[in-house]
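Notes follow the structure.
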Amino acid sequence: MPQNTLTITDNRTGQSYSLPVENGTIRAMDLRKIKTGPEDFGLMTYDPAFMNTASCRSAVTFIDGDKGILRYRGYPIEALAEHCTFLEVAYLLLFGDLPSDAQLKDWVNEITHHTMLHESTKKFMEGFRHDAHPMAMFVSTVAALSGVYADSRNIHDAANRLHQIKRLIGKVPSIAAMSYRHSVGYPYVYPDNDLTYPENFMNMLWKMVEPKYVANPAIARALDILFILHADHEQNCSANAMRAVGSSQTDPYLATAAAAAALAGPLHGGANEEVLRMLDVIGTKQNIPAYIEKVKEGKFKLMGFGHRVYKNYDPRAKIIKWTADRVFEVTGHNAKLEIALELERIALQDEYFVQRKLYPNVDFYSGIIYQAMGFRPEMFTVLFAIPRTAGWLAQWQEMLTDPEQKIARPRQVWIGHETREFVPIDQRRELVAGR
Ligand SMILES: CC(C)(COP(=O)(O)OP(=O)(O)OC[C@H]1O[C@@H](n2cnc3c(N)ncnc32)[C@H](O)[C@@H]1OP(=O)(O)O)[C@@H](O)C(=O)NCCC(=O)NCCS
């Protein structure tokens, strides 16, 4: 019997099948030949929420959730966070290798020269209500760029793709900053090409009447580290949206907007906003045990805890904790951090969380840092979307250049009616109450 195969016996027919096993997977299409007869469609797998289905072969980001390992293109996240800038990491994600000094200078220069937005984008932004959620503005404005850059539809041309990638990475901080300034009623600030990527973002957010914005270096570095930690995360909900939408060969602005829309949900990028709300509800350390009891009763979840993949401490959460200390040296003591630390301490000893392997994830501390830096909770997911754009684009490129990929189109298990006889409207009864 050949090794690296799986033998399946179909008890319905008594037939045996030998399927190749490669990289710990069998090909779902190999199951199709398992049939009860010529009329049978063939066996499929049923996997709601993709709990155990690989949808692609990827070389971008590696996670070992049990061991708490995260690597971009083979490099541990800890080393990248310590030694690199976000743009260096974006280059790594997109091109597969760390840039040389000359390559990095060139890359930074190119991204810097793509930070301006078309003036019509300002008018577009002004159309939003003053209290529109910044994520709604971000998603819509990224999608609107599709209307500005018609050439972006030529996704099969590698040079063109790269051009759009540079535009997107350059412009997302500008869009993010504009959505913030709009929500507080301040005039938009144009990019300053003398500044680094995080400094320029801070400039577009917070510059008031001073002739030149000067960023606090500790805050700028902390922001850059947070960008590195959020740059990619394997086949998560938004990366999957990017690939699925991109697989129809839509342009990268629309695909990125779709990915950002997926990120906006509270179970994904919206979680850090929820963590802060939760810490506000808890209020003081004394209220933590009672709150944890309610979580255990299933009344609500402990936001910022648990992960589909990590069943160990999220490595990003460790780095964030370290970064938080650097930020608080500048911004001063933070009462929310005290509550969060205590919440983590109590939860990590509790049987409910231990048994389910629920550990703090990246969102548990990031919101606290963002708030200390001066961001309102509504901005948190937008801050996540800026660096994740690089990851989405790396996933998108990989998908487009993978000869095995096609338009994404899952199967379904039909549980509805067989053919029904049509009923004219005057003969229909109301079958579903209240509808
Ligand atoms: C991230 C998340 C969506 C992963 O969900 P998942 O992989 O589908 O895990 P499940 O929902 O199956 O959870 C498994 C068990 O742990 C419990 N659980 C998961 N996350 C929990 C949390 N944050 N608080 C309390 N219980 C939690 C579930 O209720 C379930 O318990 P059960 O077996 O008694 O039913 C989930 O952990 C969550 O909602 N966390 C809070 C939101 C958050 O922080 N998201 C950011 C992710 S980076």
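The opening position of the sequence shown corresponds to residue 71 in the working numbering, with each subsequent residue numbered one higher. Cβ coordinates follow ideal geometry from the N, Cα and C atoms, glycine included.
Taking only three categories from DSSP, how would you classify residue i?
| i | result |
| --- | --- |
| ARG143 | coil |
| PHE165 | helix |
| PHE132 | strand |
| LEU76 | strand |
| GLN305 | coil |
| TYR87 | strand |
| PRO473 | coil |
| THR320 | coil |
If you measure from the CB of residue i, is any heavy atom of ligand 1 nearer than 7 Å?
| i | result |
| --- | --- |
| PHE375 | yes |
| LEU372 | yes |
| ASN431 | yes |
| ALA341 | yes |
| VAL424 | no |
| VAL351 | no |
| LEU453 | no |
| LEU418 | no |
| ARG378 | yes |
| LEU428 | yes |
| VAL365 | yes |
| LEU337 | yes |
Please list, in chain order, all residues of the same chain as residue i whose beta carbon is under 8 Å from its beta carbon, the five residues on each side excluded.
| i | result |
| --- | --- |
| LYS192 | MET248, TYR258 |
| VAL365 | LYS371, LEU372, TYR422 |
| ALA455 | MET205, PHE208, VAL242, ALA246, ALA330, LEU333, GLY339 |
| THR185 | GLY240, LYS241, PRO243, SER244, PRO261, ASN263, ASN270 |
| ARG82 | THR106 |
Which same chain residues end up closer than 7 Å to residue i when comparing Cβ atoms and leaving out the 5 residues on each side of it in sequence?
| i | result |
| --- | --- |
| ARG223 | ASP321 |
| ASP420 | ILE362 |
| VAL345 | MET373, GLY374, ASP433, PHE434, GLY437 |
On the CB-based measure, 16 or more other CB atoms within 10 Å of its CB, does residue i come out buried or exposed?
| i | result |
| --- | --- |
| TYR260 | exposed |
| GLU491 | exposed |
| TYR487 | Just to set this straight, residue 487 is His in the shown sequence, not Tyr. By the neighbour-count rule (16 or more Cβ atoms within 10 Å), HIS487 is not buried but exposed. |
| GLU468 | buried |
| GLU414 | buried |
| HIS403 | exposed |
| ILE495 | exposed |
| GLY515 | Only positions 71 to 505 of the chain appear in this structure, which leaves residue 515 out of reach. |
So, residue i versus residue j, is the Cβ gap smaller than 8 Å?
| i | j | result |
| --- | --- | --- |
| LYS236 | ILE295 | no |
| ASN286 | VAL400 | yes |
| PHE194 | ALA214 | yes |
| SER317 | ILE139 | no |
| ASN382 | TYR429 | yes |
| ALA325 | TRP466 | yes |
| LEU162 | ARG143 | yes |
| VAL452 | TYR323 | no |
| ALA124 | THR79 | no |
| PRO268 | PHE156 | yes |
| LEU101 | MET121 | no |
Report all residues from its chain with a CB closer than 6 Å to the CB of residue i; omit the five preceding and five following residues, and keep chain order.
| i | result |
| --- | --- |
| HIS188 | VAL218 |
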